[in-house]
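Residue numbers (our numbering): 55 to 816.
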C-alpha cells in the first residue's frame with residue numbers, strides 16, 4: 055500500500071497540514087498535537103482516549119529496533135461505502151514483523167498493508183489510543199490520506215513502540231536539518247534542542263546519547279571553518295551528553311583542535327575535565343579508539359599551558375591516581391601510562407621511521423607518500439663525545455646505557471670489513487665510556503617531553519607496584535625468583551615515603567600483599583621473618599591509623615608477631631605491648647599468652663614493666679581528679695607539657711589551651727592520657743598531621759578543637775572524621791581543601807560551628 059498517496063478533495067488539506075507540521079520547531083512535535091478536524095477518524099462505536107507523550111510517568115523503555123505487532127491501515131473515508139468498509143466491524147488486522155530503520159518503518163514480509171515502507175517524513179502525527187470497552191492497545195500513525203494502527207499485546211509494549219517510533223522520527227528530522235546547515239545561530243539552537251530531547255527521553259539505551267553525538271560529530275567534520283566562539287558554544291551545548299558517554303572519533307578531533315587553539319579556555323577545565331576522567335577510568339583499549347588517547351594527550355598539554363603549568367597537571371594526576379597504590383579504578387594507571395608513552399613516542403616517531411624511510415603513523419593516517427616523494431632518510435648517528443659546547447637551541451637527549459667491555463667492543467667493530475652505520479639497537483647498547491647517542495628534536499617537543507616525562511616520574515612507583523602485583527604468585531614458589539624479588543621489596547620497605555609503604559599492603563581486600571607473603575609461614579619467607587619485621591617497623595611509623603593497623607595484625611598475623619617477639623625482635627615486642635595498651639586483644643587467654651611471650655625475653659620484660667607503670671599512672675591520674683581548665687604559657691615546649699602533666703593530677707581536665715606555644719605532634723602522646731578532655735586549643739602551634747591521627751584514635755569525647763594557623767593538611771584532617779562528638783572545629787588558615795571539607799561535613803553529624811576562612815574551602 056502506498057502511504058504517500060492522498061485522496062481526492064482532502065489532498066490540498068493534507069498537504070497544508072503536512073507543511074505546517076514540517077515548519078514547526080522540532081521539539082514542538084513532542085506534544086503530539088491533535089490533527090485538523092477533517093483528518094479525525096471515528097475508529098469505533100466506543101469512546102476512544104488519546105493519550106499524550108508522558109502517559110506513563112517515570113517508566114523507562116528500551117529502544118526497539120524490531121518486533122512483532124498487529125497492523126491495520128485505515129484510509130480516509132470519502133464516500134458512504136468507504137465508511138462502511140473502514141468500520142471497526144469490517145477492519146482487518148495483519149501480523150507483521152516490523153523493523154525501525156534509520157529512515158522508515160518496514161516489514162520483513164512486504165505484503166498487504168506493509169507492502170511499501172512507511173517513511174518517517176510522511177508521518178504527520180503519533181498518538182496513543184485506548185478504548186474503555188475493549189482491551190486494545192494501539193499506536194496511531196497519521197500520514198497523508200489515512201492512518202496506520204499498530205496494536206500491541208499490552209500497554210507497556212504499546213508505549214515502547216510509541217516512544218521508539220517518536221525517537222526515530224525525531225532523529226531522522228534532526229539529521230536532515232543538521233546535514234544542511236544554513237545559519238549557525240539556528241544550528242546551535244537545534245543542537246541544544248537535540249541534547250534536551252536525548253536527556254529527557256524515557257528511552258534507556260546507549261544509542262539514545264550516542265546518536266546525537268554522532269550527528270553533531272558529522273556536522274563538525276563537514277564544517278571545519280568555525281570560529282572559536284562557535285567551538286565553545288557547541289562544546290557547552292553537548293556537555294550534558296558527555297557525562298556518561300565517550301565522544302565519537304570525529305568529536306575527539308574537534309576537541310583536540312580546541313585544546314590546541316584555545317588551551318586557556320574555561321571549557322577545557324569545566325567541560326573536558328570530566329570527559330577525560332571518564333576516559334581514564336573506563337577505557338579498556340586505546341588500540342580500538344586511538345583518538346580518545348590523542349584527546350587525553352591534548353587535554354594534558356592544554357593544562358600545561360595554564361599559568362600554573364605543571365602544578366595543574368600534577369593536581370589532575372593526583373586527582374585521578376592518589377599518592378597511595380590503592381586506586382578504586384584499576385584502569386587509571388595503565389591508561390595514564392599508555393597516554394604518556396604514546397605522547398613521548400610521537401616526538402621521536404618521524405625521526406626513528408626516517409632511519410629506514412618507513413612511513414610514520416601520521417603519514418599512514420594521512421595517506422602514505424610515494425617512495426620518491428618522501429624525504430631522504432635521516433640516519434641516527436653514533437657520535438663520539440665532544441668537548442663541552444654551548445647548549446643547542448633544540449632539545450638534545452643523551453641516551454646512555456652501560457654494557458660490559460667485551461660486548462661493547464664487539465658492537466663497535468661490527469661486521470668484518472664493513473663500516474656500515476649501526477642501527478638504533480646498536481646505538482642503545484654501546485658503552486657510555488665509548489660513545490653516546492645524540493638525538494636532535496624540534497624545539498616544540500621540549501615542552502611535550504617535559505610534561506609527559508614528569509607524569510611518568512610521578513607514576514613510576516605505581517607502575518612498578520602494578521607490575522609486581524600483576525605477577526602470578528605461583529612464581530614465588532621458585533627459589534631463585536623469590537630471592538631476587540626480595541631485594542626489590544626490601545628497597546620499598548626502606549624507602550622513607552609513606553606512599554611507598556602502602557604499596558606493600560594488599561591492593562584488594564581479601565588478597566595477600568607483599569607484606570603478608572614475606573611473613574613467617576608465607577610462601578616467600580626464607581629469612582625467618584627479618585624482612586617482615588622490617589616492613590612492620592616501617593609501616594608502624596608511617597601508617598596514620600595505627601590502631602587499625604594493629605587490629606589487622608591481631609586478626610591475621612598475631613602468630614608470626616608472637617614468634618618473632620619470642621626470639622627477641624624489638625619491633626614485635628613493641629607491637630605486642632601496643633596491642634595490650636590499646637585493648638586490641640579481647641580474649642583473656644590470648645592476652646595471657648602475649649604477656650607470657652613478653653616476659654620470656656629481657657627486652658620484652660622491660661617493655662611490659664614500663665607498660666604496667668604507665669597503666670598504673672593513668673589509673674592514679676583518673677582517681678585523683680584535678681583542675682578542669684588549664685592554659686599553658688606561650689613558648690612552652692613538648693617537654694614542658696610532659697613535665698607539667700606528670701607532676702600533678704589532671705583526670706578531670708576538660709579544657710586545655712596550648713595556643714601560641716611551641717608544642718608539636720609529639721605532645722599527642724601526653725594528650726591522649728587525658729580521658730576527660732573535651733576542648734583543645736592548638737592555635738598557632740606546630741601541631742601536625744601525625745598528632746591529629748593519634749588524637750582521633752583516643753580522644754573520642756573531644757567536642758571543641760582549634761587548629762587555626764597550624765601546619766595540618768588533608769592527610770591529618772581526614773582522620774577527624776572518626777571523632778563523632780566534635781561540634782566546633784576551627785581550621786582557619788590551614789591547608790584544608792574543599793573536598794576534605796565536604797567529606798568532614800558529611801561524616802561529622804554533630805558539627806555546628808566551623809571556621810574555614812583563608813583556606814581553599816572558603
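Cβ atoms here follow ideal geometry from the backbone N, Cα and C, with glycine treated the same way.
- Residue pairing for residue 150: DSSP places it in a beta bridge opposite 123.
- Ranked by Cα distance from residue 313, the options 611, 732 and 358 are led by 358.
- If you look at residue 340, you'll find it isn't in any beta strand (DSSP E); DSSP assigns it neither H nor E.
- For residue 714, the secondary structure class from DSSP, reduced to helix, strand or coil, is coil.
- Here DSSP, grouped into helix, strand and coil, assigns residue 358 to helix.
- By the C-beta density criterion, residue 653 is exposed, having fewer than 16 other C-beta atoms within 10 angstroms.
- When DSSP states are grouped into helix, strand and coil, residue 350 belongs to the helix group.
- Counting only residues of its own chain and dropping the five nearest sequence neighbours on each side, residue 690 has a CB closer than 6 angstroms to the CB of 715.
- When DSSP states are grouped into helix, strand and coil, residue 736 belongs to the coil group.
- Fewer than three Cβ pairs drawn from the stretch 242-252 and the stretch 159-178 lie within less than 8 angstroms of each other, which leaves the two stretches out of contact.
- Scanning the stretch 616-687 for uninterrupted alpha helix (DSSP H) segments of 4 residues or longer gives 624-635, 642-653 and 656-678, listed from N- to C-terminal end.
- Remark: C-beta atoms of residue 364 and residue 505 approach each other more closely than 8 angstroms.
- By the CB criterion at 8 angstroms, residue 259 and residue 369 fall outside the cutoff.
- Contact between the stretch 204-214 and the stretch 230-245 is absent, with fewer than three C-beta pairs closer than 8 angstroms.
- Listed in chain order, the alpha helix (DSSP H) runs fully inside the stretch 223-296 are 238-254, 260-276 and 282-292, counting runs of at least 4 residues.
- Around the CB of residue 700, fewer than 16 other CB atoms lie within 10 Å, so the residue is classed as exposed.
- Under DSSP, no beta-bridge partner is assigned to residue 299.
- Around the beta carbon of residue 218, 16 or more other beta carbons lie within 10 angstroms, which makes this residue buried.
- If you look at residue 197, you'll find it in the beta strand (DSSP E) that goes 191-197.
- With a threshold of 16 other beta carbon atoms within 10 Å, residue 816 falls short and is exposed.
- DSSP lists 782 as the beta-bridge partner residues of residue 807.
- The beta carbon of residue 158 is closer than 7 angstroms to those of 171, 172, 173 and 174 in its chain, skipping five residues each way along the sequence.
- Following the DSSP letters along the chain, one finds residue 158 in no alpha helix (DSSP H) but inside the beta strand (DSSP E) bounded by residues 158-161.
- Non-local beta-carbon contacts of residue 775 in its own chain, meaning distances under 7 angstroms to residues more than five positions away in sequence, involve 797, 798, 801 and 802 in chain order.
- Residue 722 sits in a helix when the DSSP states are folded into three classes.
- Put simply, the stretch 260-271 does not touch the stretch 120-127. Fewer than three CB pairs are less than 8 angstroms apart.
- In terms of Cα proximity to residue 604, the closest of 625, 234 and 585 is 625.
- Between residue 790 and residue 763, the gap from beta carbon to beta carbon reaches 8 angstroms or more.
- In the DSSP assignment, residue 205 falls within the beta strand (DSSP E) that extends over 200-206.
- A direct Cα-Cα distance of roughly 7 angstroms separates residue 547 from residue 592.
- The beta carbon of residue 326 sits closer than 6 angstroms to those of 353, all from its chain and outside the five residues before and after it, given in chain order.
- Burial of residue 743 is indicated by the presence of at least 16 other C-beta atoms within 10 angstroms of its C-beta.
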